[in-house]
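S.K.: Sharing a structure here in structure tokens format.
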Amino acid sequence: MKDVPDIKAFLHHEDALLRVFAAEYYTKSYAEDRELMPAMMASMDRFGLDAFRHAIVDFARLPQSAESLSWLLTKLEQNRGDVNSRWHLNVLLAKLPLELLVPRLSELQGIRGVRKETIRTIEQRQKLSEWTTDALWQELAAFCEASQGKYVNEMDWGHGTRLVAELGHRQDLDEELVRDGLRQDDEAAGYLEIYCTMLAGQREMEDAVPLLIDQVAIDGDVICEEGVQALIRIGSEAMLDQVAARFAEESDHFQLYASGVFCHVRSSKAGEYAKTLLDVVKDSGAQTHLIEALCLSLDDDHLDTAYDLILRGEYEAFLHDLREPLYCAARIAGKDFPELTQWREEIAERDRQVAERVQKLTHGGLPSTKAAVKPPKVGRNEPCPCGSGKKYKKCCLD
């Protein structure tokens, strides 16, 4: 593998595709580089808030500072017209560390761009921070029991995630409670099992990897997604070894979800495993993820393999247009393929058409009445009501 340029440099590239690729390369792998958020802010100051499309909410995964909070508040104060950007800035604000938010809480309440719901979320987080660890755990267990039988959008999902976030950094939490939560025998994953999966990831519980892999093997939706995210947060090569060892023997359902692990862990092993597992994969969606992992490895040989597979159409284009990550990876790695220029033009036209449809849906298709309308219930896999074009679970379900 030849030397690859510093990917942070592409956060300031004129080509929006390369900017977004670079941003997602870091935010989806839970990078700890303290220079990343300042680089993101500088890029958005230069190119506008849409520089990274709707990846703004993922910036909460990056190290934050008093400077990034001040920048965010300035943007909220200035951004009076763009409803979508304001929404996502608020979601980001609500997820910032409490030690940054609490001293400026009264100031937040006076900023017009800050939503009342955001203030309430921060206040709820502040109250939970004052609870004992035992009280937090008991509340989580009671909340999960009370939520049994309800769909995610019929319960206060955010309350559970706030409890998990607070428990995530409590040094006195008995992690055996978390492991016990992952060992439940019920065929249908209960909410405690789901929240324990999230908690194991936030605490980077390496010894829980086999149990987390078991969660991915459950025939469900939420539990599998959270299992994958937990494994990504742990992000070790030992974890990759264990996922790869289970891959061939598991169901198509498992392969579809588990293949996402290899896309978002920054290790040369991830690319090597992705190439090897392509020979045993049974699910076309999983094959799509593994080819994407080859692209994200930025390795010359892996890019050649991905290029051949993409040309042959051996992936699910409706799931992900893999020409886009291959185009970005090739440009960043300094590698050329004959179709890159044509692909870039076709991707730009596709994005233009999508933006036009979103514009019509979020502006031209809305009724002019000012009467309050109760929002419909939204499923995790349905389009987010904010108009981002992303699924609800990937956008504003917090």
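The end of the sequence shown is residue 479 by the working numbering, with every number in the run present. Glycine is no exception: its CB is placed at the ideal position from the N, C-alpha and C atoms.
1. Alpha carbon to alpha carbon, how far is Leu421 from Glu226?
2. Determine contact between the region 157 to 170 and the region 106 to 124, defined as no fewer than three beta-carbon pairs at a distance below 8 Å.
3. Does Ala453 come out as helix, strand or coil in the three-state DSSP assignment?
4. Along the chain, where does the alpha helix (DSSP H) containing Asp382 start, and where does it finish?
5. Roughly how many angstroms separate the alpha carbons of Phe483 and Leu273, rounded to a whole number?
6. Hey, could you find the ends of the alpha helix (DSSP H) His334 is sitting in?
7. Can the beta-carbon of Ser166 be found closer than 8 Å to that of Leu217?
8. How should Pro406 be labelled, buried or exposed, when 16 other C-beta atoms within 10 angstroms of its C-beta is the threshold for buried?
9. Quick one: what does DSSP say Gly282 is sitting in, helix, strand or coil?
10. Can you tell me the Cα-Cα spacing of Asp417 and Gln229, whole angstroms?
11. For His337 versus Asp302, is the C-beta spacing smaller than 8 Å?
12. Give me, in chain order, the residues of the same chain whose beta-carbon lies closer than 7 Å to that of Lys455; leave out the 5 immediate sequence neighbours on both sides.
13. Taking the CB atoms as reference points, tell me whether Arg243 and Thr214 lie closer together than 8 Å.
14. Count the other C-beta atoms from every protein chain shown that fall within 10 angstroms of the C-beta of Pro448, then say buried if there are 16 or more, exposed otherwise.
15. How many angstroms separate the CA atom of Gln283 from the CA atom of Tyr396?
16. By the three-class DSSP mapping on this structure, what secondary structure does Gly418 have?
17. Using a Cβ-Cβ cutoff of less than 7 Å, which residues in the same chain neighbour Arg260 once the five nearest sequence positions on both sides are dropped?
18. Would Gly33 be called buried (16 or more neighbouring beta carbons within 10 Å of its own) or exposed?
19. Kindly indicate which residue of Val245, Ser349 and His345 has the alpha-carbon position closest to the one of Gln219.
20. Where does the unbroken alpha helix (DSSP H) through Ser166 begin, and where does it stop?
21. Could you check what DSSP says for Val138 in three-state terms: helix, strand or coil?
22. Can you tell me where the alpha helix (DSSP H) holding Met236 begins and where it ends?
23. Taking 8 Å as the cut-off, decide whether the C-beta atoms of Ile275 and Glu307 are in contact.
24. Kindly indicate the opening and closing residues of the alpha helix (DSSP H) around Thr202.
25. Confirm, please, whether the CB-CB distance from Glu287 to Ile315 is below 8 Å.
26. Helix, strand or coil for Gly191? Go by DSSP, reduced to three states.
27. Would you mind giving the Cβ-Cβ distance between Tyr111 and Ile88, rounded to the nearest angstrom? I have them listed as a contact below 8 Å.
28. Rounded to whole angstroms, what is the Cα-Cα separation between Ser317 and Thr386?
M.R.: According to the structure data:
1. 53 Å
2. no
3. With a pLDDT of only 36 at Ala453, under 50, the local geometry of the prediction cannot be trusted, and the value read off the model is given with reservation. Reduced to three states, the DSSP call for Ala453 is coil.
4. Asp381 to Leu392
5. Limits of the chain in this structure are 82 at one end and 479 at the other, which puts residue 483 out of reach.
6. Asp333 to Ala339
7. no
8. buried
9. helix
10. 53 Å
11. It is worth fixing the name first, because residue 337 is Leu in this sequence and not His. Cβ distance not < 8 Å, so Leu337 and Asp302 don't count as in contact.
12. With a pLDDT of only 38 at Lys455, under 50, the local geometry of the prediction cannot be trusted, and no value is derived from it.
13. no
14. Reliability of the predicted coordinates at Pro448 is poor, the pLDDT of 43 falling under 50, and the value obtained from them is presented with this limitation in mind. Under this definition Pro448 is an exposed residue.
15. 32 Å
16. A small correction: the amino acid at residue 418 is Phe; Gly does not occupy that position in the sequence shown. Note: Phe418 maps to coil in three-state DSSP.
17. Ala289 and Leu292
18. Summary: the structure shown does not reach residue 33, with the chain confined to residues 82 through 479, and so no result is reported for it.
19. Val245
20. Val164 to Lys176
21. helix
22. It is not in any alpha helix (DSSP H) - Met236 carries neither H nor E in the DSSP assignment.
23. yes
24. Lys197 to Ser210
25. yes
26. coil
27. Actually they are not in contact, since the Cβ atoms of Tyr111 and Ile88 sit about 15 Å apart, beyond 8 Å.
28. 25 Å
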